[in-house]
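A.B. asks:
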Amino acid sequence: MKKTILSGMRPTGNLHLGNLYGALSNWIELQKEDYNRFYFVADWHALTTGFKDSKEIPDNSIEMVADWLSFGLDEKKSTLFVQSLVKEHAELFLLLSMATPVGWLERVPSYKDQIAQLGKDKTSNYGFLGYPVLMAVDIIIYKAHLVPVGIDQVAHLEFTREIVRHFNSNVGKDIFIEPQPLLTQSAKILGLDGRKMSKSYGNAIYLSDTKEETEKKLKVMFTDPRRKRRTDPGVAEECGIFMLHKIFTEKNKQDEIKHACSKAEIGCVECKKILSKNLNDALEPIRQKRQELINKKDDIRDILSEGSKKASKYAKNTLEEVRDAIFSSKRIV
Ligand code: TRP
């Protein structure tokens, strides 16, 4: 039997190079292998920390899926759906909530981290505490075996596995499968300020940026601080610009740049110019495709609508099994 892969993203805005060459390129790579694939817009998840910005979610979702499709995710190879269009996620979330000890949720590492990062205002709601249960539901409702995620999500996968064991043993039936994280190494991508590229740091380059905007951003991007003057040698491996060369520049040229940087034979301005050209050359066809898609948003809606219907069939089957297991196949009416 084919294994099932599932992953999701929150629709919090346009995707940047970190998202594209991190998570998304892995999703696309997995299209080459023989799997059942589900990729979804985690719109309810976006509410757990962003209820005040809820009105932006529909547009953000369409924009995000335009990024997915233009970057190479193929709706014929993967089922693309929207979490909130498959209501069974909500029912299973409710049922599993009854079987999840609150202490487990409070001990999930991201719980305290996120409160510290985002503040009480965004994280004091009850849904935020329950977020790992919702994530577990997203996965197990499709009986997914493998979940491509970043390292930050591994604790949530472990939590999912715990819920599965707990639930299965409670109902005395192996309804759910314990999913495994699929940790694919992804390129390290720094933002304009030298920190990790992230929307919340305001240091990102987006696929939706124009060629000119991208050039401008690269011009001010942080380089190796050793190179205060043009004559100071640098260490390419520690420079955010070189990390991008590793994605966009051919290997020979990369080696040349690395060497020249270590001897101060090339300046940061020139090095950035080379990157600018290569990066824009690579992104231009993707940007064009993105623009075409954005002009046909109804096509994106159709894809998501079809995908959500397909996903619903799986989810409905699982819920039948779950209800039978919990209520011993009896019905009140
Ligand atoms: N929690 C993930 C994130 O914040 C998104 C997500 C929600 C997800 N449900 C999922 C990822 C299920 C993988 C599987 O990035």
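The end of the sequence shown is residue 362 by the working numbering, with every number in the run present.
Cβ coordinates follow ideal geometry from the N, Cα and C atoms, glycine included.
1) Tell me whether the beta-carbon of Leu-59 lies closer than 9 Å to the beta-carbon of Leu-211.
2) Should Ala-75 go down as buried or exposed, given a rule of 16 or more other Cβ atoms within 10 Å for buried?
3) When you compare the CB positions of Leu-163 and His-195, do they come within less than 9 Å of one another, or not?
4) Do Pro-208 and Thr-189 count as a contact pair if the criterion is CB distance below 9 Å?
5) According to DSSP, is Arg-66 helix, strand or coil?
6) Which residues mark the beginning and the end of the beta strand (DSSP E) in which Phe-356 is found?
7) Could you give the DSSP three-state label for Met-38: helix, strand or coil?
8) May I ask whether a heavy atom of the ligand TRP can be found less than 8 Å away from the beta carbon of Gln-209?
9) May I have the straight-line CA-CA distance separating Gly-51 from Ala-216, to the nearest angstrom?
10) Give the single residue among Leu-333, Ile-204, Gly-296, Arg-66 whose Cα lies nearest to the Cα of Val-176.
11) Check the C-beta distance from Leu-247 over to Leu-304 and give it rounded, since I have them as a contact under 8 Å.
12) Give the straight-line distance between the Cα atoms of Tyr-235 and Asp-253, rounded to the nearest whole angstrom.
13) Here's the rule I'm using: 16 or more other beta-carbon atoms within 10 Å means buried, otherwise exposed. How should Glu-135 be labelled?
14) Which class does Phe-110 belong to by DSSP, given the choice of helix, strand or coil?
15) Whole angstroms is fine: what's the gap from Glu-350's alpha carbon to Lys-359's?
16) Thinking Tyr-64 and Lys-32 are a contact (beta carbons under 8 Å), I'd like their distance in whole angstroms, please.
17) In the DSSP assignment, the alpha helix (DSSP H) including Leu-76 goes from what residue to what residue?
18) Taking buried to mean at least 16 other C-beta atoms within 10 Å of its own C-beta, is Ser-107 buried or exposed?
19) I'd like to know if the segment 124-143 and the segment 154-161 are in contact, where contact means that at least 3 CB-CB pairs between them fall below 8 Å.
20) Just how far apart, CA to CA, sit Ala-319 and Ala-289?
21) By DSSP, does Val-176 sit in helix, in strand, or in coil?
22) Going straight from the alpha carbon of Thr-41 to that of Ser-90, what length do you get?
23) Quick one, are the C-beta atoms of Phe-69 and Gly-37 less than 9 Å apart?
C.D. replies: The structure says:
1) Closer than 9 Å, so yes.
2) buried
3) no
4) yes
5) Three-state DSSP puts Arg-66 in a strand.
6) Run containing Phe-356: none; DSSP gives neither H nor E here.
7) strand
8) no
9) Distance between the alpha carbons of Gly-51 and Ala-216 is about 6 Å.
10) Arg-66
11) 6 Å
12) 22 Å
13) exposed
14) strand
15) 12 Å
16) 6 Å
17) 72-79
18) buried
19) yes
20) Note on residue identity: the sequence assigns Arg, not Ala, to residue 319. Each residue's Cα considered, the two are about 36 Å apart.
21) Here Val-176 carries a strand assignment [DSSP, helix/strand/coil].
22) 8 Å
23) yes
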